[in-house]
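> Quick note, the sequences are listed as chains A and B, same order. If you read the first sequence in our numbering, its first letter stands for residue 465, the second for the next number, and so on. If you read the second sequence in our numbering, its first letter stands for residue 2, the second for the next number, and so on.
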Amino acid sequence: MPSETTSPGAELESYLRRLRWALSPLPSEEREEILRETRSHFLERIAGGDPQARFRETAAALGDPEDYAQGFLDGYRLATAVADGSGPVMLGQALRLAGRGFGAFLGTLGLLCIFLLAAAHLALAVLKPIFPENVGAWLEDGRRLSLGFMSPPPGPDVPELLGYWIIPVALLLSIGLYRLGVILLRHLLRSYLRRLA
Amino acid sequence: MSGVEIERWKSQLLKGTAELAVLAVLRDGQRYGLEILEAVRRGGLELAEGTIYPLLNRLQKEGKLASCWVQDEGASHPRKYYRLTPSGASLLEAMRAAWLEYAADVSRLVGKEGVHAE
């Protein structure tokens with residue numbers, strides 16, 4: 465708590481110092497611009513009134529420097545992840561924000577399932593040359609299609625349909641699922657950005 | 002619905018419309034942060050003080066707003082003025098049209114006879 469004898473100038477510098485520290489993940493040019501604008505906002509609010517009281521009102525309205533900085537940091541991290549466009553980077557941000565609501569949690573869970581499916585199909589393509597008998601696409605009972613890894617492999621009465629063609633098929637499915645996941649992730653992160661205010 | 006639930010619902014509505022409100026108050030020319038906040042509040046939206054600058058920051062990075070520092074006569078410090086870019090003006094028009102259509106649909110729906118609050 466600021467003491468009664470502290471001038472608003474010193475309190476303002478202290479607020480800005482904490483804000484600068486909280487904004488340290490941002491590029492320096494952006495950080496300095498935010499600090500300059502925050503200082504301008506305080507001076508605008510303080511003008512024409514009791515400086516001490518006005519400072520405290522404004523600081524309370526903006527929130528603690530750390531909380532106030534969070535709005536800029538969230539925006540920066542999300543925008544950077546969307547601009548980067550890679551699945552792992554965007555997924556990292558989605559996981560970080562998954563706890564912020566039921567919708568965010570469900571969306572992230574759905575996306576994780578899509579990426580796990582993509583990884584599973586990639587694993588099939590890699591495992592086929594190593595375990596040719598265990599990886600395949602089998603037609604059980606003449607109607608039920610099973611694609612995957614089976615140990616032990618089904619008996620000779622269950623026909624295997626793809627042979628080594630399963631490698632390109634699984635690779636294509638893996639790439640398709642991954643791309644779908646990336647598109648949906650970008651939409652999810654953009655919707656977070658829109659709702660930051 | 003309790004008062005708390007209504008406030009939560011209104012805060013969700015505000016989140017969805019804050020961007021449109023900020024773009025709309027810049028339609029008639031450039032303004033600085035506090036002017037934008039006060040114009041939005043005069044319009045009836047209780048935007049929190051701590052959210053206006055992160056929102057302006059994002060819109061600027063997305064190329065919807067441009068800014069410049071101006072030392073106004075009589076002011077003790079420079080102010081950062083924001084204005085719509087052509088891309089921001091297009092976004093505003095698209096959002097405005099979508100909002101008017103949506104608001105008309107919802108008003109028609111909830112204004113219908115036979116729709117009562119439980």
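All C-beta atoms in this analysis are idealised placements derived from N, C-alpha and C, irrespective of residue type, glycine included. Being a predicted model, the structure only gives us computed values, none of them experimental.
Pick from B:Leu35, B:Arg32, B:Ala49: whose alpha carbon is nearest that of Tyr532 of chain A?
By 1-based counting over the first sequence, the position of residue 532 of chain A is 68. If we check each option's Cα against that of Tyr532 of chain A, B:Ala49 comes out closest.
> Is it buried or exposed for Arg59 of chain B, if we count other Cβ within 10 angstroms and need 16 for buried?
Counted from its first residue, the second sequence places residue 59 of chain B at position 58. When all chains shown are included, Arg59 of chain B counts as buried.
> For the stretch 499–583 of chain A, which segments carrying the beta strand (DSSP E) assignment without a break, of at least 3 residues, lie completely within its bounds, in sequence order?
none
> Please classify Gly619 of chain A as buried or exposed, where buried requires at least 16 other C-beta atoms within 10 Å of its C-beta.
On the first sequence, position 155 is the one that residue 619 of chain A refers to. It counts as exposed.
> Quick one: is Leu24 of chain B near chain A, going by C-beta distance under 8 angstroms?
Here the question's residue 24 of chain B lines up with position 23 in the second sequence. Not an interface residue.
> Check the DSSP bridge columns for Leu85 of chain B and list the partner residues they point to.
As a first step, residue 85 of chain B is located in the second sequence; it is residue number 84 there, counting from the start. BP columns for Leu85 of chain B point to B:Leu66.
> Mind checking whether Gly535 of chain A and Thr52 of chain B have CB atoms under 8 angstroms apart?
Position 71 of the first sequence, counting from 1, holds the residue named residue 535 of chain A. Position 51 of the second sequence, counting from 1, holds the residue named residue 52 of chain B. Result yes, Cβ atoms of Gly535 of chain A and Thr52 of chain B sit closer than 8 angstroms.
> What's the gap between the Cα of Pro466 of chain A and the Cα of Leu480 of chain A?
Along the first sequence, one-based indexing puts residue 466 of chain A at 2. Along the first sequence, one-based indexing puts residue 480 of chain A at 16. Residue placement at Pro466 of chain A is poorly supported in this model, since its pLDDT is 43, which falls under 50; the coordinates still yield a value, given next. Distance between the alpha carbons of Pro466 of chain A and Leu480 of chain A is about 14 angstroms.
> Taking C-alpha atoms, which residue in A:Phe519, A:Ser492, A:Pro489, A:Ala511 lies nearest to Ser478 of chain A?
Here the question's residue 478 of chain A lines up with position 14 in the first sequence. Ranked by how close their Cα comes to the Cα of Ser478 of chain A, the residues A:Phe519, A:Ser492, A:Pro489, A:Ala511 have A:Phe519 in first place.
> For a contact meaning CB atoms closer than 8 angstroms, what does Ser12 of chain B contact in chain A?
If you number the second sequence from 1, residue 12 of chain B lands on position 11. Going along chain A, no residue has its Cβ under 8 angstroms from Ser12 of chain B, so there is no contact; the nearest lies around 10 angstroms.
> My output table needs one value for Leu611 of chain A: the three-state DSSP class, helix, strand or coil.
In the first sequence, residue 611 of chain A corresponds to position 147, counting from 1. Strand, per DSSP.
> What in chain C is Cβ-close to Tyr532 of chain A, meaning under 7 angstroms?
Checking the listed chains, one finds no chain C in this structure; the protein chains it contains are A and B.
> For the putative contact between Leu38 of chain B and Glu508 of chain A, defined by C-beta atoms under 8 angstroms, what is the C-beta separation to the nearest angstrom?
As a first step, residue 38 of chain B is located in the second sequence; it is residue number 37 there, counting from the start. As a first step, residue 508 of chain A is located in the first sequence; it is residue number 44 there, counting from the start. Actually they are not in contact, since the Cβ atoms of Leu38 of chain B and Glu508 of chain A sit about 10 angstroms apart, beyond 8 angstroms.
> Do Leu24 of chain B and Leu85 of chain B come within 8 angstroms of each other at the CB atom, strictly closer than that value?
Here residue 85 of chain B refers to the residue found at position 84 of the second sequence. Here residue 24 of chain B refers to the residue found at position 23 of the second sequence. Yes, the pair counts as a contact, with Cβ atoms nearer than the cut-off.
> Under 8 angstroms between the Cβ atoms of Gly600 of chain A and Leu626 of chain A?
The count along the first sequence starts at 1 and reaches residue 600 of chain A at position 136. The count along the first sequence starts at 1 and reaches residue 626 of chain A at position 162. Yes. Within cutoff.
> Give the DSSP-derived three-state secondary structure of Arg484 of chain A in the structure shown.
As a position in the first sequence, residue 484 of chain A is number 20, starting the count at 1. DSSP places Arg484 of chain A in the helix class (H, G or I) of the three-state scheme.
> Please report the distance separating the alpha-carbon of Arg541 of chain A from that of His505 of chain A.
Stepping through the first sequence from its first residue, residue 541 of chain A is reached at position 77. Stepping through the first sequence from its first residue, residue 505 of chain A is reached at position 41. Those two C-alpha atoms are separated by around 24 angstroms.
> Going straight from the alpha carbon of Leu487 of chain A to that of Arg32 of chain B, what length do you get?
As a position in the first sequence, residue 487 of chain A is number 23, starting the count at 1. As a position in the second sequence, residue 32 of chain B is number 31, starting the count at 1. Near 25 angstroms, if we compare the C-alpha coordinates of Arg32 of chain B and Leu487 of chain A.
> Where does Glu597 of chain A sit, in a helix, a strand or coil, going by DSSP?
For the purposes of this step, residue 597 of chain A is identified with residue 133 of the first sequence, where counting begins at 1. Residue state, collapsed to three classes: coil.
> Could you tell me which of A:Leu483, A:Pro596, A:Pro623 sits nearest to Arg608 of chain A, measuring between CA atoms?
Position 144 of the first sequence, counting from 1, holds the residue named residue 608 of chain A. Measuring from the Cα of Arg608 of chain A, the nearest candidate turns out to be A:Pro623.
> Compare the C-beta of Ser492 of chain A with all C-beta atoms of chain B and state if any pair is closer than 8 angstroms.
The sequence position of residue 492 of chain A within the first sequence is 28, counting from 1. Under the Cβ distance rule, Ser492 of chain A does not count among the residues neighbouring chain B, no pair being separated by less than 8 angstroms.
> Could you give the distance in angstroms between the alpha-carbon of Gly549 of chain A and the alpha-carbon of Gly513 of chain A?
As a first step, residue 549 of chain A is located in the first sequence; it is residue number 85 there, counting from the start. As a first step, residue 513 of chain A is located in the first sequence; it is residue number 49 there, counting from the start. One C-alpha to the other measures close to 48 angstroms.
> Is Leu476 of chain A close to chain B, meaning its C-beta is less than 8 angstroms from at least one C-beta of that chain?
Here residue 476 of chain A is taken as the residue at index 12 of the first sequence, counted from 1. No, no contact with chain B.
> Mind listing the chain B neighbours of Gly619 of chain A? Cutoff is C-beta to C-beta under 8 angstroms, in chain order.
Within the first sequence, residue 619 of chain A is the residue found at index 155, counting from 1. Ordered by position in chain B, no residue passes the 8 angstroms Cβ test against Gly619 of chain A, which lies about 57 angstroms from the chain.
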